[in-house]
Amino acid sequence: MKKDTMYGFLFLRTSKLNIRLAFMLLLCVASTMRANYEIDTGYIPEDGTIQDWTVSGTVLDDSGQPLPGVNIVEKGTTNGTQTNFDGDFSLIVSDKNATLSISYIGFLTQEVALNGQTTINISLAADAAQLDEIVVIGYGSSNIKETTGAVANVKVDDIRQSATTSVDQMLQGRVSGLNLGLSSAQPGARVSANIRADVSPNGSGEPLYVIDGVPMINDSPEPSINDSDIGFAGGVDRSPLATINPADIETVDVIKDASTAAIYGSAAANGVIFITTKKGKAGKTTVDYRITTSVQSPKDYLEFLDAENFMRQHNRLAYDKYLFDNKFAPYGAQNAPTIGFTPLFSQNDINGAGKGTDYLDELIKTGFIQEHNLSISSGNENTRIYSSFNYYDNDGLLKGSDFQRYTARFNLTQKLREKIDLSVKINLSQVNSSNASTGENSGGSEKFNMLQAAYAFAPNISPTEADGSFTRSYDRLITNPLAFLEIDDDLRTNRFSITPKLDIDLLDNLSLTMVGSMDRTTSTRKFFMPSIVENAQLPDGVAQLATNRNDAYTGEAYFTYNKSFENSSLSVVLGAGVYKTLFDGFSLQAVGFFTDALGVNNVGVANQLLRNSQNSFKSETTKLSQFARVNYTINRKYIFSGVVRRDGASNFAENNKWGVFPGISAAWRISEEDFLADTKVSDLKIRMGYGEVGNVVLADNAFQLYGISGQFTFGNKVQPGVVLSQVANPDLTWETNASIDLGIDFGFFDDRISGSLELYQKTARDLIDFDPLPSNNAVGRVVTNIGSTRARGIDIALNTTNVLIDDFEWSTNFTFTTSRSEWLKRNPNVPLPEYVGENDQLGDFYGWETDGIIKSLEEVPNYMAGAFPGNIKYIDQNDDGILDVKDVIKLGTRGARVNFGVGTNFRYKNFTLSAFAYGNAGAPRDFGYYPDKQINILAPSNTLTSVKDVWSFDNPNGILPGFASNPYAGNNPVNDRVNTDFLLKKISFLRIKNINLGYDLPIAEDSKIPFNRLRFFVDLQNVALFTNYDGFDPELDTTNPYPQAFTSTLGVNIQF
Amino acid sequence: MKNKLKNKLVLVSLCSFFMLFISCEDELESKVFSELTAENFFETEKDFNAALVALYSSFSTDWGTEDPGVGIWYTYLYNANNRTYLMRSELTTDELWNDWDADLLNFTWGPATYSGTGASTYSRIRYVARATDVIDKIEKSSVDELIKNRYLAEAKTLRAWLMYILYDFFGPLNVKVDPKTLSDRAITPRLSDEDYVGIIEQDLLDAINTDGLPEAYNGTGNWGRVSKGLSRMVLLKLYMHKKEWAKAEAIGKSIINSGLYSLTEKYEDVFTNSGNNELIYSIVSNDAVPNWYMQHLFPGNFAKGFAGKTSIERGGGWYGFSMPWEFYDKFESGDLRTNTIISEFTSGGGALVDRDNGLRGAIPLKYTNIVGEGPSYSIDWVIYRYSDVLLSVAEAINEQRGPSDAYLYVNEVRDRADVDAWSGLTQDEFREAILDERGRELFAEGHRRQDLIRHGKFIEKAKERGATSADSKHILFPIPSEVIIEGKGVINQNPDY
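These protein sequence lines map, in sequence, to chains A and B.
If you read the first sequence in this note's numbering, its first letter stands for residue 1, the second for the next number, and so on.
If you read the second sequence in this note's numbering, its first letter stands for residue 10001, the second for the next number, and so on.
#1: Label L10238/B either buried or exposed according to how many other C-beta atoms from any shown protein chain fall within 10 Å of its C-beta, with 16 as the threshold for buried.
#2: Check distances from the C-beta atoms of the segment 10173-10187 of chain B to those of chain A and list, in chain order, the residues that come in under 8 Å.
#3: Cβ of I10223/B less than 8 Å from any chain A Cβ?
#4: Nearest to P10068/B by alpha carbon, out of I959/A, S725/A, I889/A and R636/A?
#5: Contact criterion: CB-CB distance below 8 Å. Does P730/A meet it with respect to chain B?
#6: Whole-angstrom Cβ separation of N432/A and Q404/A, contact assumed at under 8 Å?
#7: Applying a beta-carbon distance threshold of less than 9 Å, which residues of chain B neighbour F617/A?
#8: How many angstroms separate the CA atom of F1032/A from the CA atom of S183/A?
#9: I want to verify the contact list: residues of chain B whose CB lies under 9 Å from the CB of R190/A, in sequence order.
#10: Any C-beta of chain B sitting closer than 8 Å to the C-beta of G780/A?
#11: Whole angstroms are fine: how far does the CA of E692/A sit from the CA of V175/A?
#12: Where G10489/B and T893/A are concerned, what is the direct C-alpha to C-alpha distance, given to the nearest angstrom?
#13: Can you give, in chain order, each stretch of the alpha helix (DSSP H) that sits fully within the segment 387-458 of chain A and has at least 4 residues?
#14: Excluding the 5 residues flanking D47/A on each side, which residues of the same chain have their C-beta closer than 8 Å to its C-beta?
#15: For chain D, is any of its Cβ atoms less than 8 Å away from the one on K933/A?
#16: Please confirm whether S775/A has its beta-carbon closer than 8 Å to some beta-carbon of chain B.
#17: Identify, in the order they occur along the chain, each residue of the same chain with its Cβ nearer than 6 Å to the Cβ of M10001/B, setting aside the five sequence neighbours on each side.
#18: Mark G1051/A as exposed unless 16 or more other C-beta atoms lie within 10 angstroms of its C-beta, in which case mark it buried.
#19: Since K284/A is in the beta strand (DSSP E), which residue starts that stretch and which ends it?
#20: Report the rounded CA-to-CA distance for E10029/B versus N535/A, giving the unit in angstroms.
#21: Go ahead and label F10042/B buried or exposed: buried means 16 or more other beta carbons lie within 10 angstroms of its beta carbon, across all protein chains shown.
#22: Where in the segment 693-751 of chain A do unbroken runs of the beta strand (DSSP E), each at least 3 residues long, occur, reported from the N-terminal end onward?
#23: Considering only DSSP beta bridges, list what W10223/B is partnered with.
#24: Quick one: what's got a C-beta closer than 6 Å to T10264/B's C-beta in the same chain, skipping five residues either side?
#25: What is the residue span of the alpha helix (DSSP H) that M311/A lies within?
#26: State the beta-bridge partners of L510/A as determined by DSSP.
#27: What does S10129/B reach in chain A if we use C-beta pairs closer than 8 Å?
#28: Closest Cβ-Cβ distance between A10112/B and chain A: below 8 Å?
#29: Does D475/A come within less than 8 Å of chain B when only Cβ atoms are used?
#30: Using only the alpha-carbon positions, how far apart do E620/A and D219/A sit?
#31: Sorted by chain position, which residues of the same chain lie with C-beta nearer than 7 Å to P207/A's C-beta, five sequence neighbours on each side aside?
#32: Identify whether Q347/A lies in helix, strand or coil by the three-state DSSP scheme.
#33: Excluding sequence positions up to five away, which residues of its chain have a Cβ less than 6 Å from the Cβ of A22/A?
#34: Buried or exposed for S1139/A, going by 16 or more other Cβ atoms inside 10 Å?
#35: With H, G and I counted as helix, E and B as strand and the rest as coil, what does DSSP make of T1047/A?
#36: Listed in chain order, which residues of the segment 10280-10301 of chain B have Cβ atoms closer than 9 Å to some Cβ of chain A?
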């Protein structure tokens, strides 16, 4: 830049200026600068001679649409013009045999010799290389063939998947190295994303999402239910991306390696996902309208006993308990007397019971989704607009749950002056949802959520009494499952974001970009449980109100300098940014309503004042950054890239306020070498890179804090307590992930076969961990940086065009990912149990090996003296006659060994058919759902049909543990949910996620139909699942999950 | 012209960079909004009160809370969860039974059994350090002298009480009572029994000798705060524990002679009337900090039953704890204290359920003033009361010089229960009898374990109940294994674990 401008640049640092003021100044300077441009924009012909030779014509694209704004230049001169809105142009040229150079961004430049013609019509061909292969890499973009990093690009329109609330749900299996975990099948539920292997045991594995250049807050502001009294949290964990209409998204770019991601520094440890929304296209206004209707039918859920079998199983197990309590055979030597046990249910009761009420059936229904999507694209050479409206309404599978979304988007690109472009992107969305309680809960049967109540409620008791009130089960603490439908639990989430961006061409090679953004999400939850629910703990009703707000403000400015030399080109980006995030919120609970009539709308009447509660919180983070990237390309063959970012943040510890994150990478495009010039190799590139990125976890733990903890009552006054809750560590710093990436991109036969193979190694150092303080200190831990982990993996992507003839196209794509993460260095202050190896894998878990069920007293092993038939038999690995820590073995490694995705697309004439499947292999899981053994003899609850597999006196081949509690279970030194290999196996699955069949109605040019395009389609989601897992769903790892649905969609797409 | 333009452009560029590359350290200062920091805490009298409240909260009847200093959820000491000090003091004895924890039932616990959230009682060792911090900060503060002395006496009594509870379960520990060592990272060994007990004794004596600490708070708005009565009572418990009979008798008699306390007319009134004069200390419960004990008792299908003449109507509970019929049968017929126990009930279906028909044990309700379905109640939990003082003094006298002048104290208690007065017992007979008398008088109040241990019957009784693994080592609970591992040989485990 110095060379170009003849002026030096000075870099200054000062510590006392207010950054906000600085930004205002900057914007002022920028706006005054526009005035300076007028001087340079006039065009003065180089010579005065004007000849009278006019040529005119029209420029069209390959589909026959007129192209406005196309540059037409008489070759060898600066004489030129642009096409108008209808693609027409007229130009006076100096020679009737002149050659015109016709160029337009995104299209191949064409040269036309006039040869005396006065009228020419030109059809421009799209530049495939430019249209298809531009990837976003942060503060700019790059041709994918010339990138040096591991970047994958997904065009959202190519994923033909309907009835999806957020774009992340569409990406599973689409990008090698991007693994998504589905936590719930609830409408709008979050998927947890993970790019390449996880190396941070305490940190988040979530990538940074950047929407239209602006980093997004990844935390959903949706308040959860305060479960301390109610018991269930309501099971909502929505994706913040659910507030963005997937149809508005043009591309998703995934940056997997640190050498490229380092430009996002301390936020980029887990990679970066760029989401780019659509822009208006110059040319004729197109209106796109899509309507879809979907039906969701429930997949098989867990099976529970009907009334008759519930009573039979209860009597059977109650008798088993009687035998056990009195130590009769098989639990003791003596046989039970013939009388002495009276079953709760008589034979008459059982015979007359029938099926009873299937409470789960009462709560699950067919779901419906209706979606309307309207988008308008319009523009000319100066102004381009994309605007869309979306309405998405999902009446959920579980009664009481629904999800409605309204989004509106307005994207404007405006040429303000010759060299100044403004773009403004505005997104408005509102999500209204009602929630059915699923998932985990905190407590006993009085705290069951809706699904748990449906599992446990006795099926032989009908739902309502004669007077219409809800019945109670034998366990009177369980809320009637149907009473849950009387609960109102409504969430409203509003999001508003505006992203103005100014591009200024300062010099031929130098431009300045300024981006600002405000992104605010506010979410309000209103929960009311009326007294007719007859909840055992809150019989007089309870209301909860909560509002949370997430605010993000972003200001960035960067210079881009591009310069081409004879055989090389240089590109430099240099910029800075300021980021502020703010979270705040409040919540309240009100207990005791004399009437149900007011609901949440007047919580002031709640009369159990001491059970009412209020909470509020606020936190704020400021980050300042500077970043730079240099790209240098020689002969389009040898490409070098370096990035660096310097981040300073308020939530970093006192002695480590600033960090520097570098990345360097290089690529060699072998296919550009002469020796591959005339071969079938259309693309071949080797690339490698090294980068360091940060993971800011537990950063707020650097200060000494006194926390509000515990309360106590004197007289009738409840008072809050304060304890020392955290000791300071001013030296705390972020985790650093250093990664080495090696990749090969290839294409053969004109890229009919293309793909990439990537190898990587990620090393995390300065892992954030809790360093234990002596147990007799007031605070038992301090957050420090200790330890190191490493991951290695392989990502493969392969795309093939199998058939490409006039009427028929068939292509497939395939992704494959595998990785392994292991410990390099542990925290020496945390003693390792003896069964854990210093360098074990990150997800390793341990426990006792088992050998089925003990079937008789004789089978009780010596080392399990006192155990009973029906207990699990553990294996004494070292044969020392004692079951202890020495018998613990490694049981497996959490997570799948291999993830893969397969997609295929067919086009025959006007028909398209696409199908997509994904899966994983080798994830160890146990059976997961054990039936309740109904030990509560006085108050039995319903349970899974698998209770028939429970070992008992009359079921000596039962595979599930019997009634007798195992005296050795508590001695297992491993304190995890899974600490034995009982019913543990390696799970693999293949899910056919999506099949989409479409038909484009042929519309002749002269047709009377006023549409350009009319497309009908059928879309099936969650079509089939192939797995060796016996539980409910191998992907869902939550208890009591929201049921999965098979969704079939009919849709019409109209374009005019 | 072009040069001029370039001039301007470069100026603009320079400006931009100047603006963007500044490092505003002010902006990067950390901000804490929802918690307190060293800069804004421990300044006023109200701050010290809040720090004291946190020490008090250890004794709450509510469930528990996550200790923010370690990120583990622990139960409070007097909650009805079977992990608490209160319930383990009962569930390991003949007075109470549940099947939620086979290790407690069978005496099969070991160092690894109660770790994490299961180590709730042990976790109070952190609160001893916090109490030391509070004591140090109060001593150094400039708050009003009267308040200062009272708060110091409260903090010392709470520290001593926490230390006694730890001592009861684990023996002497390596508690931090020196403020200079509070943030040391060095592992320190367990104190000697003599030193440890000496610290408890001194803290309590300091409190008792503090002029500003009131004798009692019964019936006042400060009910629930530490008074001299509580300081003396904890000291009595310590002396009984150590079998220092003469000291026990003296401190017990000082409570009796204070004239502030007396037995209520009816036994059940002790538990239903908040702040009555039989109470030396109870934990105040209300809707915000409720009492969950009763909910643990009722069978799931409970609808109606009688405690004495008091009709109890409510829905089912969690059916966690039962009084074994063998213990119930220790009550002499006509003992009015059984008016607080339910021995049969009517189920939701209308059937009568009793000991011959599925009820596995009596329901030791104790608190007969429950109203409504629960699950929690605003009923104060009785910790220490006058009849315990009378029985302790009687026991201490008998141990020193036989039952002669002990009858006076024990018969005052028996008289209220409307059972015959004792006389003519040998020292051994008296000793045997007073153990059971304490069981009948103080059941469900958390004293049984220590009473059995003091009388050397803790293990014997466990074996009688079928806990074949019971061994003398079980008199103390083990130090949690993670503490031993952390100690790297400096912290000794209790014998035989």
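Just so you know, even glycine gets a beta-carbon here, dropped at the ideal spot from N, CA and C.
Because the structure is a prediction, the values reported are computed rather than measured.
Looking at the coordinates:
#1: A buried status is given to L10238/B, since no fewer than 16 other beta-carbon atoms sit within 10 Å of its beta-carbon.
#2: L10173, N10174, V10175, K10176, L10182, S10183, D10184, R10185, A10186 and I10187
#3: As written in the sequence, residue 10223/B is Trp, which differs from the Ile given in the question. At a cut-off of 8 Å between beta-carbon atoms, W10223/B makes contact with chain A.
#4: Taking only the C-alpha atoms, the option nearest P10068/B is S725/A.
#5: no
#6: 5 Å
#7: F10033 and S10034
#8: 13 Å
#9: Those within 9 Å of R190/A in chain B number zero; the least Cβ separation is about 24 Å.
#10: At least one CB atom of chain B sits nearer than 8 Å to the CB of G780/A.
#11: Rounded to whole angstroms, the gap between the alpha carbons of V175/A and E692/A is 22 Å.
#12: 33 Å
#13: 450-456
#14: Because D47/A carries a pLDDT of 47, less than 50, the predicted location of this residue cannot be relied on, and no value is offered for it.
#15: This model lacks chain D altogether; the protein chains it does include are A and B.
#16: yes
#17: A caution first: M10001/B carries a pLDDT of 45, below 50, which makes its placement in the model unreliable, though a value can still be read off. Correct list: empty, nothing qualifies.
#18: buried
#19: G283 to P298
#20: 48 Å
#21: buried
#22: Within the segment 693-751 of chain A, complete beta strand (DSSP E) segments of at least 3 residues are found at 705-714, 717-726 and 735-748, given in chain order.
#23: R10225/B.
#24: V10270, N10276 and E10278
#25: A307 to D325
#26: Looking at the DSSP output, L510/A shares a beta bridge with Y561/A.
#27: The question names Ser, yet the displayed sequence has Ala at residue 10129/B. Those are N776, N777 and A778, listed as they occur along chain A.
#28: yes
#29: yes
#30: 14 Å
#31: A193, I195, N270, G271, V272 and I273
#32: helix
#33: Annotation note: pLDDT 40 at A22/A (below 50); position unreliable, coordinate value reported separately. Within the same chain, A22/A has no close Cβ partners at all.
#34: Shown here, chain A extends from 1 to 1056; a query on residue 1139/A therefore has no answer.
#35: Annotated three-state conformation of T1047/A is strand, per DSSP.
#36: I10283, V10284, S10285, N10286, D10287, A10288, V10289, P10290, Q10295, P10299, G10300 and N10301
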